[in-house]
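Working notes for the structure below.
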Amino acid sequence: MTDYRRGFESLQHEVYEPALPVEGDLPDWLTGTLLRNGPAQFGVGDQAYNHWFDGHAMLHAFRMVDGTVEYRNRFVASKSRQEALRQGEIVRSEFATDPCMSIFGRVMSMFDPQPTDNASINVARLDDAYVALTETPLPVRFDPETLETAGVVAFEDDIDVDTSTAHPHVEPETGRTLSYAASFGRPSEYKILGVPPGEATRKVVARLNVDRPSYMHSFGMTERYVILSEWPLVVNPLDLLLRGKPFIENFEWQPERGTRFRVLRKSDGAEVATCPADPAFGFHHVNAFERGDEVVCDIVTYPDASIIDDLYLDRLRSDAPTPGTGYLHRYRLPLDGGSAPSTLQSEERIELPRIHDGHATSQPYRFVYGVGTHTPGNFTDQLVRMNVETGTVQTWHQDGTYPGEPVFVPRPGGTDEGDGVVLSVVLHPTEERSFLLVLDADSWTERARATVPHAVPFGFHGQFFGAPTRDS
Ligand SMILES: [Fe+2]
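Residues 6 to 477 (our numbering) are what the sequence shown spells out, left to right.
Next up, the structure:
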């Protein structure tokens, strides 16, 4: 097992490479830009961030045209990063790092709230704006060509929320962007917010009062409904104010509560079903669709929330095994509100799941792409393609390398769900390099790879934008 830990070391270099060395042949139709996000600086001065989710966001752009790959990387110039660099210490609280541990400090911060804008989780396009996202409601706009930061997006509304998912959905039929958000207080609320195309005003699609909010990283969407998976990892909102702990450490695992799926109707915000299920935890909804009198909801889950603990940096950098992947489960949610049974879709492990966005979204579908585990206990060391109808799994593995989230790119004009390529940034620690891997999706074989002049730290999510991000 080569050392995946190289992926948790900081990368300070910001480079522009007009043409990466390419082996193999890129499809001639592959034109567009893969924008990826992830942490790239894991400490400031002599202070270290605690968790993989806490490091300073860096954007990476792979621009593909005429068989060439242009590459650029740049830190997001968030206030969180700029203040920390200026002061030589961590200033703002992150997911699992809180520099302000005294109760006095916490109370003061309520009067002068400074939620982090360290947008390290995902990227998205909100109308014509390219934004970096994290779990605070502060999307950071950037230039897709230069990756220069333009500042936090100012929504033209007065909706107040404390957290927001980094996994919005875009309704294929309307182009509307739907997000899950939460506000903490008395009462706390889950909110589903919608932004129509061309607008900068969020509208409340649904809202639910909640006594003990659950930590939910993503949510599900069908044509008519949104689905919240209320895992039994919950917080007393007062603890966020008073306990002086980093954000996620205020949440408690209470398996006796079980999981509750909340099915909310988009048209009027009504909760049409509340479906209990066994206790579980998950980060990533994969897809959901309506079938007769039920909603089918596919999610990568774990038996409990200890995966969050497994992703602290001291654990990841230790010799302990790193089970950084879960299992794909299918939940069937009866619309009359009965309990939701789940079935294991594959014995193969998976995380960072992706589908053919738009084509498969909210529809019965076949293919899920993700990172997986080739060697038990190793960090993500293979790519998987699961057929959820047949249970067939294809895997890609190269000894000593560590692939990141695979992003599916459809072939223009293709009608089959699996017709296209998959793009993944793969870490090769012994070569001190990463490379962009291009796999043919159907045959699951390598088409090409383009080598980056440095090792890219493990990131989270990215998107491919086929429309030109600049005039060429
Ligand atoms: Fe995520």
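Positions of the beta carbon are idealized from the N, C-alpha and C atoms, including for glycine.
Legend entry - Where residue 299 sits in the DSSP three-state scheme: Sequence index remark: in the sequence shown, residue 299 carries index 294 (1-based). It is a strand residue.
Legend entry - Unbroken alpha helix (DSSP H) run spanning residue 313, endpoints: Position 308 of the sequence shown holds residue 313. It spans 311 to 315 - the alpha helix (DSSP H) in which residue 313 sits, taken as one unbroken run.
Legend entry - Distance cut-off 7 angstroms: residue 83 Cβ against heavy atoms of ligand 1: Here residue 83 is taken as the residue at index 78 of the sequence shown, counted from 1. Result no, Cβ not under 7 angstroms from ligand 1.
Legend entry - Close beta carbons around residue 394, own chain, < 8 angstroms, minus the five adjacent residues each side: Sequence index remark: in the sequence shown, residue 394 carries index 389 (1-based). 371, listed in sequence order.
Inset, instruction - Say yes only if the C-beta of residue 223 is nearer than 7 angstroms to one or more non-hydrogen atoms of ligand 1, and no if none qualify. - result: Counting from one through the sequence shown, the residue named residue 223 turns up at place 218. Yes, the beta carbon of residue 223 sits closer than 7 angstroms to at least one heavy atom of ligand 1.
Inset, instruction - Name, in chain order, the residues that DSSP records as bridge partners for residue 250. - result: Taking the sequence shown and counting its residues from 1, the one referred to as residue 250 is at position 245. BP columns for residue 250 are empty, so no partner.
Inset, instruction - Using beta-carbon positions only, say whether residue 446 and residue 426 come within less than 8 angstroms of one another. - result: Against the sequence shown, residue 446 aligns to sequence position 441. Against the sequence shown, residue 426 aligns to sequence position 421. Contact flag set, yes.
Inset, instruction - Scan the segment 328 to 361 and note each continuous beta strand (DSSP E) run of 3 residues or more that stays entirely inside, going in chain order. - result: 332 to 339, 347 to 349, 356 to 359
Inset, instruction - Could I get the ranges of all uninterrupted beta strand (DSSP E) runs contained in the segment 182 to 222, with 3 residues as the minimum, in chain order? - result: 182 to 188, 193 to 200, 208 to 215
Inset, instruction - Verify the contact flag: residue 1, CB atom, against every heavy atom of ligand 1, threshold strictly below 7 angstroms. - result: Nothing about residue 1 can be reported from this structure: the residues present for the chain run from 6 to 477 only.
Inset, instruction - Could you check what DSSP says for residue 16 in three-state terms: helix, strand or coil? - result: Looking up residue 16 in the sequence shown gives position 11. Residue 16 falls in the coil class under three-state DSSP.
Inset, instruction - Identify the continuous alpha helix (DSSP H) that holds residue 88 and give its terminal residues. - result: For the purposes of this step, residue 88 is taken as the residue at position 83 of the sequence shown. Per DSSP, residue 88 belongs to the alpha helix (DSSP H) from 84 to 92.
Inset, instruction - State the Cα-Cα distance for the pair residue 259 and residue 202, rounded to the nearest angstrom. - result: What you label residue 259 is simply residue 254 of the sequence shown in a count that begins at 1. What you label residue 202 is simply residue 197 of the sequence shown in a count that begins at 1. Between residue 259 and residue 202, the C-alpha separation is close to 39 angstroms.
Inset, instruction - Note down, in chain order, each residue of its chain lying with its Cβ closer than 6 angstroms to the Cβ of residue 278, except the 5 sequence neighbours on either side. - result: On the sequence shown, position 273 is the one that residue 278 refers to. Closer than 6 angstroms at Cβ, skipping near neighbours: 268, 340, 342.
Legend entry - CA nearest to the CA of residue 160, picked from 228, 172, 207: In the sequence shown, residue 160 corresponds to position 155, counting from 1. Selected option, being the one with the closest Cα: 207.
Legend entry - Local conformation of residue 44 per DSSP, three classes: Against the sequence shown, residue 44 aligns to sequence position 39. Here residue 44 sits in strand by DSSP.
Inset, instruction - Using 7 angstroms as the cut-off, classify the Cβ of residue 126 as near or not near the heavy atoms of ligand 1, replying yes or no. - result: As a first step, residue 126 must be located in the sequence shown, where it is residue number 121. Within the cutoff, so yes.
Legend entry - Cβ distance (whole Å) where residue 303 is taken to contact residue 292 below 8 angstroms: For the purposes of this step, residue 303 is taken as residue 298 along the sequence shown, with counting starting at 1. For the purposes of this step, residue 292 is taken as residue 287 along the sequence shown, with counting starting at 1. Right, the Cβ-Cβ distance comes to about 5 angstroms (below 8 angstroms), so this counts as a contact.
Inset, instruction - With a threshold of 7 angstroms, establish whether the CB of residue 129 neighbours any heavy atom of ligand 3. - result: In terms of ligand content, the structure shown lacks ligand 3 and carries ligand 1 instead.
Legend entry - Residues near residue 23 by beta carbon distance below 7 angstroms, same chain, minus five either side: Within the sequence shown, the letter at position 18 stands for residue 23. Within the same chain, residue 23 has close Cβ partners 75.
Inset, instruction - Can you give me the Cβ contacts of residue 357 inside the same chain, cut-off strictly under 6 angstroms, excluding the 5 residues immediately before and after it? - result: Taking the sequence shown and counting its residues from 1, the one referred to as residue 357 is at position 352. 375, 376, 410, listed in sequence order.
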